[in-house]
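Undergrad: Every position in the sequence shown, counted from 1, becomes a number in our numbering once 34 is added. For reference, the structure I am asking about is given below.
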Amino acid sequence: MRLQRTVFLTAVSVLTGLVLGAAAAQENKKPPEAKKPAAPAAGAAGEHAMPPTPKPGPEQAILARDEGVWDASVEMHMGPPGAPPQVSTGVETNTLIGGLWLVSDFLGTMGEQPFHGHGTFGYDTSRKKYVGIWVDSMSTSPFRSEGNYDAATNTLTMTGEGIGGDGKPMRFREVVKWTDPNSKVFTMYMPGPDGKEVPGMTITYKRKS
Numbered sequence: 035m036r037l038q039r040t041v042f043l044t045a046v047s048v049l050t051g052l053v054l055g056a057a058a059a060q061e062n063k064k065p066p067e068a069k070k071p072a073a074p075a076a077g078a079a080g081e082h083a084m085p086p087t088p089k090p091g092p093e094q095a096i097l098a099r100d101e102g103v104w105d106a107s108v109e110m111h112m113g114p115p116g117a118p119p120q121v122s123t124g125v126e127t128n129t130l131i132g133g134l135w136l137v138s139d140f141l142g143t144m145g146e147q148p149f150h151g152h153g154t155f156g157y158d159t160s161r162k163k164y165v166g167i168w169v170d171s172m173s174t175s176p177f178r179s180e181g182n183y184d185a186a187t188n189t190l191t192m193t194g195e196g197i198g199g200d201g202k203p204m205r206f207r208e209v210v211k212w213t214d215p216n217s218k219v220f221t222m223y224m225p226g227p228d229g230k231e232v233p234g235m236t237i238t239y240k241r242k243s
């Protein structure tokens, strides 16, 4: 009897060991749990965040004065020195975008032809300069300019380059002087026949609305 009992207990012990060993083997075969991604460090999301929206400053306030509709009286100095200028009229509509950019549309006539001009002007904070680009219905090349505002004289002066009527590069200078909140004078200077700077166009503006 004792022998049978011993054999029985030995068999149970062996069987138990086999079962536990098989269970352990199965446990070892389980794939490792996927590690959860680490939480991003504070500020890491900022790499993809939208940059802050720029706010208008005192430089943009100079441009904001032009927002609205203006009646324009144009004088073109196209003839020889002393010749009477070509006179025409037009309307300029200026719209402010986000308080940062002034978009200008000019409708009028040049000579006997209808004229449409479009410009965008702003203050480049990285370069600390006013910048502008102008295109119109009488040229296939844009006119780009940049310059500075003089608070003492209430004048904005910009210089740039475009393609003249002869198809050659032409330097120019533009001066805008505000005489009061509802009046301003624009003068564009360009090289004359002798290369010296002469006024090529003068526009007198009166605010309409």
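Glycine residues also receive a C-beta, built at the ideal position from the N, C-alpha and C atoms. Being a predicted model, the structure only gives us computed values, none of them experimental.
Which complete beta strand (DSSP E) runs does the region 100-149 hold, if anything under 3 residues is left out?
TA: Fully enclosed beta strand (DSSP E) runs of 3 or longer: 102-110, 120-131 and 135-144.
Undergrad: Taking three-plus beta-carbon pairs below 8 angstroms as touching, is the region 181-198 in contact with the region 209-226?
TA: A contact exists between the region 181-198 and the region 209-226.
Undergrad: Exposed or buried, which one is residue 95 when buried takes at least 16 other CB atoms within 10 Å?
TA: Per the 10 Å Cβ criterion, exposed.
Undergrad: For residue 225, name the three-state secondary structure that DSSP assigns.
TA: In the structure shown, residue 225 sits in a strand (DSSP, three-state: E or B).
Undergrad: Within the continuous alpha helix (DSSP H) that includes residue 92, where are the two ends?
TA: That run of the alpha helix (DSSP H) goes 92-98.
Undergrad: For residue 128, which of 213, 106 and 226 has the nearest alpha-carbon?
TA: Closest option to residue 128, Cα to Cα, is 106.
Undergrad: In angstroms, rounded to a whole number, what distance separates the CA positions of residue 89 and residue 218?
TA: Those two C-alpha atoms are separated by around 26 angstroms.
Undergrad: Compute the Euclidean distance between the alpha carbons of residue 184 and residue 93, then round it to the nearest angstrom.
TA: Between residue 184 and residue 93, the C-alpha separation is close to 11 angstroms.
Undergrad: Pull up the distance between the alpha-carbon of residue 136 and that of residue 199, whole angstroms please.
TA: C-alpha separation (whole angstroms): 27 angstroms.
Undergrad: Take the Cβ of residue 108 as the centre, count every other Cβ of all protein chains shown within 10 Å, and call the residue buried at 16 or more, exposed below.
TA: Classification for residue 108: buried.
Undergrad: Taking the C-alpha atoms as reference points, what is the distance between residue 117 and residue 144?
TA: Distance between the alpha carbons of residue 117 and residue 144 is about 17 angstroms.
Undergrad: Based on the DSSP output, what are the partners of residue 29 in its beta bridges?
TA: No answer is possible for residue 29: the residues shown for the chain start at 35 and end at 243.
Undergrad: In terms of residues, what are the limits of the beta strand (DSSP E) holding residue 207?
TA: 203-214 is the extent of the beta strand (DSSP E) around residue 207.
Undergrad: Here's a check: name, in chain order, each residue in its chain whose Cβ is nearer than 7 angstroms to the Cβ of residue 247, leaving out the five neighbours to either side.
TA: An answer regarding residue 247 cannot be provided, because it is not within the stretch 35 to 243 covered by the chain.
Undergrad: Of the residues 235, 149, 188 and 242, which one's Cα is nearest the Cα of residue 113?
TA: It is 235 whose Cα lies nearest to the Cα of residue 113.
Undergrad: Which one or two residues does DSSP pair with residue 235 in a beta bridge?
TA: Partner(s): 110 and 222.
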